[in-house]
Amino acid sequence: MKEKNHEEGELDGIEKYFNTALGNSLLYKFERPAYADYLSSVRQEDESGSVYPRAAAEPIDLFGYPHLIRFLINFNEKVSDLQPKVDEETIHIYVQKLQKLANYLSKYEGHYHRLEEYANTAPEYHRRM
């Protein structure tokens, strides 16, 4: 089994935090019904609604550029939630890595964020909110 290097461990931490933050902080009210529908569609009969379904893809694999940008913006607000569990030096390293990621995403925004990938939603969807 290959050991993870320090940078891979940091990325795992960022990914885990993204996955945890998605439902509570990163989805707009408008996006939540579609996410709930997805989770319901993959939840097994023996799984509680309060547990992430075993068959579901991780949020990091489902959501794209806009959610990653929201994550970067919200990270500063959420740092205080991390501080009792994570030391200040580690948080500083995460902030540096996230700044590099933000710079990269800014540079290649046109590649990752294309308006033609968006679709209008049906009126029925709007009525669900």
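Number 5 in UniProt numbering belongs to position 5 of the sequence shown; there are no gaps in the numbering.
All C-beta atoms in this analysis are idealised placements derived from N, C-alpha and C, irrespective of residue type, glycine included.
- His113 sits close to Tyr65, with the two beta carbons spaced by under 7 Å.
- Exclusion of the five residues before and after Arg43 leaves Gly49, Pro53, Ala55, Ala56 as the residues of its chain whose Cβ lies within less than 8 Å of its Cβ.
- Within the segment 20-97, complete beta strand (DSSP E) segments of at least 3 residues are not found at all.
- The C-beta separation of Pro33 from Met129 comes to about 7 Å, placing the pair in contact by the 8 Å criterion.
- Taking every protein chain shown into account, the CB of Leu115 has fewer than 16 other CB atoms within 10 angstroms, so this residue is exposed.
- The Cβ-Cβ distance between Leu27 and Tyr38 does not fall below 7 Å.
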